[in-house]
Each structure stands twice: as structure tokens, then as C-alpha cells.
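Notes to accompany the following structure.
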Amino acid sequence: MAFCQNCGSPVSGDVCQNCGQAVTPVEALTQQEAQSMPGQEPKGSGGKIAAIVALVVIIIVILAAMLFMFPASKDSNGGPEENYAVTMTDVKTMEVHISGEFTDDTAEVVREVIDEKFGDEDDRVTSDEIRDFEEEYGDMEDEHSKGFTMNSDEGKYSEVSIILRGAQGDTNSENTIPFTITATIEWKSLETDKDFYFIMLPLYSIFENNMFKYDNIEKFKFTAPSGYDVHDIDGLKEDIQSGQTPVTGTVDDDFEYIYISLSKKDSSVKPGDITVDMTGTDMIKLYVKGEETGDDAEAGREEIDNYYGNGDDTVTPEEVENYIEYTEERRVSSYYDASSGYEIDFNTGEYSEYSLSFFGAEGDVKSSRPIAYAIAATIEWDSINTTKDFYIIGISASDQGGEQFTYISPSGYEIVRVDKLVEDVASGATSASGTIEDDAVNVYVTIVKKGSDAGSADSEPNGGTDTANSVSSGDEICGGLEEDNDDDDYYKIDLNHYDYLTVYLNGPDEANFDLRLYRPNGDEVRSSTGSGSSETVWDYISSSEPEGNYFIRVECYEGSGPYTLEIIVS
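Residue numbers are given in the numbering used here: position 272 of the sequence shown equals residue 272, and the series is strictly consecutive.
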């Protein structure tokens with residue numbers, strides 16, 4: 001075959017059909033020579049190039065998809081999936097890694113603080129000023145420890161570092177400032193052998209009394225210490241399955257804190273919405289979780305704005321802090337009786353410690369968005385007989401119907417009865433858990449010293465004189481009455497001529513119990529039927545009175561709950 005000397009195309013006549021040039025009668029070009037001429041592609045090369053291009057496109061698409069599905073690993077500040085990650089190797093310390101952004105007004109405030117504290121107040125932020133800020137930030141352990149608590153014990157940073165990016169420029173700029181924070185947090189005086197812990201982690205940073213909200217923190221990861229499970233987490237959008245560790249989730253925009261409950265593996269004690277831990281007979285540790293919703297949430301915001309803010313119909317983080325600070329101070333002050341709902345043997349205790357956390361209270365006061373809260377407190381009694389064989393512990397449960405309740409007895413004591421829980425609690429247990437009844441004002445727990453007969457509970461059935469429990473002088477009996485079942489309690493005591501009998505009844509304030517005394521023949525001798533549950537009856541057994549078994553009746557007129565009965569014969 002002949003090829004055109006001009007363009008190298010194959011020709012079959014005197015004129016090239018490709019370029020139109022005349023073909024001279026010379027020796028034909030070889031195919032290799034023709035293919036090497038400028039502008040001439042080898043036969044079949046167009047398909048090969050298209051295949052190569054398609055392959056490159058496919059590779060790019062695959063790489064892009066991989067980058068989307070598996071983003072490049074970050075540094076030690078939380079890993080690729082979490083920008084707030086907490087790891088606890090034990091209950092004493094935890095490692096915190098946070099990455100996020102300061103945006104809009106918050107970014108402007110951060111720049112203003114940097115310029116004011118570490119610059120020359122020229123309304124510009126330089127790289128040197130940022131480095132000074134980062135260095136100072138790491139040294140301010142006391143400032144940063146605010147907000148981190150565990151069982152009401154305040155945390156303390158042993159290490160902390162912050163890295164800012166993009167903060168340079170005009171202080172009025174609202175350009176985003178990305179940041180990463182790495183910290184090790186320790187606890188000052190934490191008890192390290194408990195069955196459960198409550199941890200509060202703030203979603204903000206405090207610097208020089210300025211509270212910076214972490215923006216664009218979406219993912220959260222928590223790893224429990226060895227031997228513990230995550231019982232519950234508030235502040236995440238997802239429902240957490242009890243027993244998980246680690247836990248990952250999405251941070252709820254409405255929350256200012258993340259609140260974590262830990263429970264020891266295989267422990268019968270699980271934290272609830274109200275948890276009472278008695279380390280002794282004159283002290284309780286109290287933990288309460290809950291939320292205000294609807295009108296109650298709106299009323300709460302209005303109170304904060306009116307009394308702790310400027311009345312502008314908006315609740316700020318600073319106003320919430322003012323409310324919390326005042327409330328905590330008031331609870332432990334001598335002029336405010338805030339612990340009236342917490343009793344031992346119907347005696348009011350006093351707060352020695354109290355801490356309160358609010359989540360989601362910020363914003364428009366007209367908002368009915370839920371406000372979550374957490375309370376940790378220590379309540380003590382200075383006038384309790386600490387050597388008694390039994391005690392009745394009353395825990396305020398107003399508006400807690402349907403919530404969970406957990407009680408842990410002090411060492412050496414066991415539970416006899418629990419009033420105002422939906423579930424029956426087995427006698428002899430050292431801890432009890434259940435659901436609070438909807439109409440409960442208080443939950444009452446009666447405990448007895450192990451191995452002791454004195455102060456034991458009434459024995460059923462004792463609803464009449466024929467089944468009355470026998471008692472003696474000096475006995476202290478703990479019993480209970482329920483309004484709905486018409487089951488009064490009867491006791492009998494053998495009295496002789498010239499005996500002087502006094503019976504003291506003490507019951508809950510919200511109930512109305514009466515006390516009556518009967519002769520052996522059934523005639524009523526005396527009665528005490530006041531409007532409360534503290535009643536007293538007495539009688540002198542003269543020579544004209546019959547000897548034998550006298551009967552004491554504890555009668556329920558209204559309400560329910562436990563009572564104590566003290567019998568003295570002189």
C-alpha cells in the first residue's frame with residue numbers, strides 16, 4: 001500500500017484523499033514512517049487513550065469517596081469521628097480532647113480578649129498574641145476546672161493546651177476560629193470505691209471570666225473506666241443503651257453540659273433520677289437529675305431573667321451562672337431552710353454542700369424548651385442519735401412521680417420497708433431501687449441495724465386486737481400505714497396497777513395519723529387525734545383500773561407513710 005508523503009495517509013490513486021496533495025510516483029512510505037509523521041495518530045490509539053482517561057476518572061472518584069467515608073485522621077485531639085472525646089482509664093483521671101470552632105459573636109469576643117489581654121489593644125490580633133494566649137490558657141488550671149464535676153467533686157486540670165487557628169486579624173471580624181483543646185482532668189477528693197458516679201462535662205470554655213460556647217461540636221465519644229458501664233448520658237440526641245462503653249453520639253444543641261452516669265459492673269446499685277447514699281447515720285449524699293418542661297421551663301427562664309439578669313426577655317449564660325451561684329450559696333446559708341424535704345426520723349437536715357447545674361436554660365424567656373438540671377448535695381444532721389437501732393429517712397419527691405429512685409444504706413444497716421415506690425422492696429436488702437409513685441411528696445426508707453431486735457418493724461397481720469403485736473417498755477417500733485387499704489396497726493402491752501404508760505407517735509408531716517388506747521375489755525381510754533401525725537397518749541393504771549393487756553391503735557385518717565412508736569412505762 002502507498003502512503004502520502006505529505007500527511008502519511010494511505011492512498012490508492014494519484015491524489016491523497018486526506019490532504020488533497022498529488023501523490024508522486026516514489027517509493028511508498030512504510031506504515032511505521034507514516035505513523036510517526038506530525039498530527040498522525042497510530043491506528044487504534046484513540047480507544048486506548050479514552051480507556052486511560054476513564055480509568056483516571058474512576059480512580060479520582062474512588063479516592064474522593066474514600067476521603068468522604070474515611071476522613072483523614074486528625075491528631076490526638078479526638079480522632080477522626082469525634083470532636084469531643086473523653087477517655088477514663090480509672091475514676092481518678094480522664095483525658096479530654098475537644099475540637100470545634102468559635103463563630104460569629106463568640107469569635108469576635110475571643111479576638112477582643114486576645115487583643116486586650118495579650119496585645120496592645122490596637123484592634124488587631126497577631127500571631128505572637130495568639131501564642132501568648134495559648135501559653136497563658138494552658139496555665140489557667142483553676143479557671144478551666146469550673147464546670148467539670150464528678151459526684152459533686154470539682155475537677156482540676158493537671159494538663160491543658162489549646163491551639164487556635166485563624167484568629168489573626170481585625171478584632172471586629174466574625175470569621176470562624178477553629179480550635180483544639182487537650183486536657184487531663186483529676187478530681188480533688190473523690191471517693192474512688194463507689195458503685196456509681198455522676199460526671200458533668202461542660203460544652204463551653206471559661207477564660208478570664210468569659211464563657212465561650214463551643215460551636216460546631218457535633219460528635220461525642222466517652223470511654224468508661226475499667227470495671228464500669230455507662231448507665232445513662234444526657235446531652236446527646238441518641239438514646240443510650242445502658243451498659244455501653246464506649247458510647248458515641250451527637251451533641252444536643254439545647255444542652256450546655258453533657259451529663260454521664262457510671263455504674264460498677266455486676267453491682268446491684270444503679271444510679272437513678274434521685275439517688276441517696278448514706279455513708280453514716282447522720283449524713284446523706286444526694287444526687288438528683290430531672291428537667292423542667294412546658295410552662296415550668298418558661299417560668300424558670302423568667303425567674304432567671306428577672307432576678308439574675310437585666311429583664312430583657314433573654315437568658316444569657318452569665319445570668320444562668322449568677323442564678324446557680326446565688327442558689328448554691330443560699331442552700332448552705334444559715335438563714336435559708338432549703339433542706340426541709342430531707343429528714344431522718346422526721347428531723348430536718350442541713351446542707352453542708354450543694355451544687356447545681358442547668359442545661360439549656362439560655363435563650364428567649366418565652367421558650368418552653370426543656371431545662372435539664374442536676375443537683376449534687378451533702379446533707380447532715382446535728383441532733384440525731386447516731387447509735388439508734390433504726391431510722392426513717394425521708395427524701396423529698398415532689399414532682400418526681402415516675403422517676404427512678406435509688407437508696408444505699410449505711411454500713412451495718414439493712415432496709416425494712418420503703419414507702420411511695422411502685423415496686424415492693426424486699427426486707428433485708430442494703431440498697432433499693434424503684435419508681436416513685438405519682439402522688440409522692442416524700443419517699444420514706446426505714447432501716448434497721450443488722451442483728452438487732454429493738455426498733456424492728458411491725459409484724460403483719462396486726463390489724464386488730466386478736467393479732468396485735470406485743471410490745472414492752474422502752475420499745476421503739478417502726479411501722480407504716482396506707483390510706484387506701486384501711487389497715488390500722490394494733491399493739492398490746494401488759495400493764496399492772498400503778499404503772500404509768502406514755503406512748504409517742506411520730507409520722508410524716510403530709511399525713512394525718514391518730515393514736516388511741518384501749519382497756520383489756522375494749523373500752524377506749526384516751527385518744528390523740530390532731531391534724532398531723534405527731535400524737536401522744538398516756539394513762540395511769542390506778543387500783544380501780546383493770547390489769548392485763550392494754551391495746552394501742554395507730555390509725556390512718558389521711559395520707560400514707562411510715563411512723564415510729566415509742567413506749568415508756570414508769
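Even for Gly, the Cβ is constructed at its ideal location relative to N, Cα and C.
Quantities reported herein were computed from a predicted structural model and do not represent experimental measurements.
Cut-off 8 Å between Cβ atoms - residues of its own chain near residue i, not counting five sequence neighbours on either side
i: Tyr-401; result: Reading off the sequence, residue 401 comes out as Gly, not Tyr. The answer, listed in chain order, is Ile-436, Glu-437, Asp-438, Asp-439 and Ala-440.
i: Ile-240; result: Val-230, Asp-232, Ile-233, Val-247 and Gly-249
i: Ser-127; result: Gln-168
i: Glu-497; result: According to the sequence shown, residue 497 is His rather than Glu. Around His-497: Ile-541, Ser-542, Ser-543, Glu-545 and Glu-547.
Neighbourhood of residue i by C-beta, 6 Å cutoff - its chain only, sequence neighbours within 5 removed
i: Ile-574; result: Lying before the first or after the last residue shown, residue 574 is absent from the chain, which here runs from 1 to 570.
i: Glu-510; result: Val-441 and Gly-559
i: Asp-489; result: Asp-458, Asn-462, Gly-479 and Val-554
i: Asp-75; result: For Asp-75, the predicted structure reports a pLDDT of 40, less than 50, and the residue's modelled location is therefore unreliable. A value from the coordinates is still provided. Excluding sequence neighbours, Asp-75 sits near nothing in its chain.
i: Gly-309; result: Glu-319
i: Pro-202; result: Gly-147 and Tyr-257
i: Ser-267; result: Asp-195
i: Asp-123; result: Thr-171
Whole-angstrom C-beta distance between residue j and residue i, which should lie under 8 Å
i: Asp-313; j: Asp-254; result: About 19 Å separates the two Cβ atoms, so there is no contact after all.
i: Gly-349; j: Trp-381; result: 5 Å
i: Thr-182; j: Ser-161; result: 5 Å
i: Leu-565; j: Ile-477; result: 4 Å
i: Asn-216; j: Glu-134; result: With 8 Å as the limit, Asn-216 and Glu-134 do not qualify as a contact, their Cβ atoms being about 20 Å apart.
i: Tyr-563; j: Leu-481; result: 7 Å
Nearest candidate by alpha-carbon position, reference residue i, set the options
i: Ser-427; options: Ala-107, Val-416, Asn-175 and Ile-217; result: Val-416
i: Pro-508; options: Leu-495, Asp-488, Cys-556 and Lys-366; result: Cys-556
i: Lys-265; options: Phe-359, Ala-397, Asp-419 and Asp-193; result: Asp-193
i: Asn-172; options: Lys-285, Ile-114 and Glu-101; result: Ile-114
i: Trp-187; options: Glu-321, Glu-256 and Gly-155; result: Gly-155
i: Asn-151; options: Val-288, Asp-424, Arg-124 and Tyr-413; result: Val-288
i: Tyr-204; options: Gly-290, Thr-106 and Ser-267; result: Thr-106
i: Asn-512; options: Ser-534, Val-109, Ser-527 and Arg-131; result: Ser-534
i: Lys-374; options: Tyr-259, Asp-487 and Ala-429; result: According to the sequence displayed, residue 374 carries Ala and not Lys. Of the listed residues, the one whose Cα sits closest to Ala-374 is Tyr-259.
i: Asp-132; options: Asp-123, Glu-121 and Lys-117; result: Lys-117
i: Thr-87; options: Thr-245, Asp-295 and Tyr-214; result: Thr-245
i: Asp-399; options: Lys-388, Lys-420 and Ser-383; result: Lys-420
i: Thr-467; options: Asp-475, Asp-487 and Val-448; result: Asp-487
i: Val-448; options: Tyr-84, Gly-235 and Thr-281; result: Thr-281
Check whether residue i and residue j have beta carbons under 7 Å apart
i: Glu-129; j: Gly-119; result: yes
i: Tyr-444; j: Gly-561; result: yes
i: Thr-327; j: Ser-352; result: no
i: Thr-103; j: Thr-176; result: yes
i: Asp-232; j: Ser-263; result: no
i: Pro-370; j: Ala-432; result: no
i: Phe-358; j: Ile-274; result: no
i: Arg-111; j: Val-91; result: no
i: Lys-450; j: Glu-403; result: no
i: Phe-346; j: Thr-465; result: no
i: Glu-121; j: Glu-174; result: no
i: Gly-290; j: Ser-368; result: no
Span separating the alpha-carbon of residue i from that of residue j
i: Thr-89; j: Ile-567; result: 55 Å
i: Ile-393; j: Gly-522; result: 35 Å
i: Pro-271; j: Val-525; result: 49 Å
i: Ser-99; j: Ser-242; result: 27 Å
i: Val-251; j: Thr-223; result: 16 Å
i: Met-94; j: Lys-219; result: 18 Å
i: Ile-576; j: Ile-324; result: Since the first residue shown for the chain is 1 and the last is 570, residue 576 is missing from the structure and cannot be characterised.
i: Ser-570; j: Ser-473; result: 8 Å
i: Pro-317; j: Lys-285; result: 28 Å
i: Ser-543; j: Met-283; result: 48 Å
i: His-97; j: Lys-237; result: 20 Å
i: Gly-147; j: Glu-423; result: 36 Å
i: Ile-344; j: Thr-279; result: 14 Å
i: Asp-499; j: Asn-469; result: 20 Å
i: Asp-153; j: Leu-190; result: 6 Å
i: Glu-547; j: Val-537; result: 18 Å
i: Arg-330; j: Leu-356; result: 12 Å
i: Asn-385; j: Pro-410; result: 15 Å
i: Glu-483; j: Ser-396; result: 19 Å
i: Asn-77; j: Ala-299; result: Confidence at Asn-77 is low in this model, with a pLDDT of 38, below 50, so its placement is unreliable and the value that follows should be read with caution. Between Asn-77 and Ala-299, the C-alpha separation is close to 40 Å.
i: Pro-520; j: Leu-505; result: 21 Å
i: Ser-73; j: Thr-149; result: With a pLDDT of only 34 at Ser-73, under 50, the local geometry of the prediction cannot be trusted, and the value read off the model is given with reservation. About 30 Å.
i: Phe-390; j: Thr-446; result: 7 Å
i: Gly-434; j: Ala-376; result: 20 Å
i: Glu-302; j: Ser-333; result: 24 Å
i: Pro-225; j: Val-269; result: 17 Å
7 Å CB neighbourhood of residue i in its chain, flanking five on each side removed
i: Ile-304; result: Val-315, Glu-319, Val-320, Tyr-323 and Ala-361
i: Asp-539; result: Leu-501, Leu-517, Val-525 and Arg-526
is_contact[residue i, chain D] using C-beta, thresh 7 Å
i: Tyr-308; result: Of the chains in the structure shown, none is chain D; there is only one protein chain.
Proximity test, residue i beta-carbon vs the ligand SAH heavy atom, cut-off 6 Å
i: Lys-388; result: Summarising the ligand content, the structure contains no ligands, and the ligand SAH is consequently not present.
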